[in-house]
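Here is the structure we will look at, set down as structure tokens.
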């Protein structure tokens, strides 16, 4: 999970944070403004500290209070949606940074209420399975597109005037700024000649992929470190510290190596006057709610199943309400620190594979994140071409759930495909979700109305292949602690002890593992990296 410190800080800093762009008509998004670039570098340093701090706090208390071996950190996918859709590149989005973190703060407390009374699990299961699986794939492609472009990637793909996108990879000094050029933003004679791009591809991409193939633990962070070390010396073509005012400022901070950087620009900047952003504020809030519900709920259930913590009767795990509440409070605290929503990470499976099945595993993760706070100069000096291939690899891990989508029935397949297609091409998770859910409702509602009007005579030939959908939850709607409280149990916070007969009867409910219903995750890893068996396979 260590890679999230550098990757999250780089992605969110692309939004510009609280920096104000004064580029005028010649440079409306401050792409070449030196003052704005210096401010953005300071934002990135703030976010390194903020990411490490909230990850440490959330992971430690997940272990202490919920006794779950699961680490928490700002989620991949959610941070990209926050930076490039809600706030926008250099603040060109629908709402300013201050309004966006306000939406996240409110989301955290809404989650707290939903988790307290068990509605979080119900809402997660309310979404059709095909849409949940497609969301994971769409977010994976969204992250891949970010990793391929310039802002936080290797610069292999850019926009063009003649076509929507084209092959790039030219050196930064040769990029065309004249929009009238026929070949877009990268001259044809300099394509694929960027040294930094090739370092990122071979050392951060291909080498990391080979290590993952051999299931080397820490493969992703190893690739990031190698590319960063190559990019730190100044007199090289791939240096991250050129001899410019911005490069000098970054290099001076890097030379500190060990230093506690106080959060100055993004701490507690919530803005509660949302009158002019009502619609966009609501859209961002709902999208954060939906994606985070599926993300954290799915990851926690998968990890609980892998650690044999799922109750065979209720299909829930003890401490689920507390785990969700810890995540919810961490989301709101993270918003105060200036970070996107915090969520559970499937990389936690590495600790479970090593035998960690209690909260001590998460507490140890939290302590490691706390130590990393004091190495902010290192994490803030990781170049985008070091993290670009990481985004591509994470995207490749996330799209593997595409094989589990029900492609046999059009009522499931078409909405799923619409969700997958819209997310990367519209550069928006929210637009993809809206399009997919709307398509699902229209198609399946029409089928239901025709079947009802015809008395059941006109139905799709293969309707029996449709994914089942229900709002009912095995084990009841309310969380276990509320059920025990209503039964008059004084120590309602303690887990019920099942008899052998109850446990035997409950095992039959495991024919379809709960985690199969929650495949959508905004932050993924892969068994090839961690050595963890595939979570869809039952343990022998």
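Residue numbers (my numbering): 4 to 543. From the three backbone atoms N, C-alpha and C, an ideal C-beta is built for every residue, glycine too.
Nearest-angstrom beta carbon gap, residue 77 and residue 380 [assumed within contact, 8 Å]: Rounded, the Cβ-Cβ distance is 20 Å, inconsistent with contact.
Grab me the residues of residue 233's own chain with a C-beta within less than 7 Å of its C-beta, minus the 5 sequence neighbours each way, in chain order. 202, 206 and 241
Looking only at its chain, what residues have a beta carbon closer than 7 Å to the beta carbon of residue 550, apart from the 5 residues adjacent to it on each side? What is shown of the chain runs 4 to 543, which leaves residue 550 out entirely.
Let me confirm a value: residue 217 is counted as buried when at least 16 other C-beta atoms fall within 10 Å, else exposed. Which label applies? exposed
Look up residue 346 in the DSSP assignment and give the residues it is bridged to. 76
C-alpha gap between residue 214 and residue 257, whole angstroms: 28 Å
Would you call residue 160 buried or exposed, if buried means 16 or more other Cβ atoms sit within 10 Å of its Cβ? buried
Which whole-angstrom value is the C-beta distance of residue 105 and residue 277, which I expect to be below 8 Å? 7 Å
Counting only the same chain and skipping the five closest in sequence on each side, list residues whose C-beta sits under 8 Å from that of residue 417. Same-chain partners within the cutoff: 442 and 446.
Using three-state DSSP, classify residue 625 as helix, strand or coil. Past the edges of the chain, shown from 4 to 543, lies residue 625, and the structure says nothing about it.
So for residue 262, helix, strand or coil by DSSP? strand
Alpha helix (DSSP H) containing residue 312: first to last residue? Taken as a continuous stretch (DSSP letters only), residue 312 belongs to no alpha helix (DSSP H), as it is neither H nor E.
Continuous alpha helix (DSSP H) stretch holding residue 38: start and end: 37-69
What residue does the alpha helix (DSSP H) around residue 170 start on, and which one ends it? Premise fails: residue 170 lies in the beta strand (DSSP E), 168-170, not in any alpha helix (DSSP H).
DSSP state of residue 378 mapped onto helix, strand, coil: strand
Contact set for residue 173: own chain, Cβ-Cβ below 7 Å, skip 5 residues either direction: 189, 190, 193, 194, 196 and 197
Tell me the DSSP secondary structure of residue 454 in three-state form. Helix at residue 454.
What is the DSSP secondary structure of residue 274, counted as helix, strand or coil? coil
Compute the Euclidean distance between the alpha carbons of residue 271 and residue 21, then round it to the nearest angstrom. If you draw a straight line from the Cα of residue 271 to the Cα of residue 21, it comes to about 11 Å.
In whole angstroms, give me the CA-to-CA distance for residue 466 and residue 409. 12 Å
Residue 411 versus residue 296: straight-line alpha-carbon distance, rounded: 27 Å
Between the C-alpha atoms of residue 273 and residue 449, what's the straight-line distance to the nearest angstrom? 43 Å
Own chain, CB closer than 8 Å to residue 51, minus 5 neighbours either side, in chain order: 8, 9, 12, 264, 379, 382 and 383
Could you say which of 60, 376 and 397 lies nearest to residue 208 if we only look at CA atoms? 397
Euclidean distance between Cα positions of residue 58 and residue 451: 46 Å
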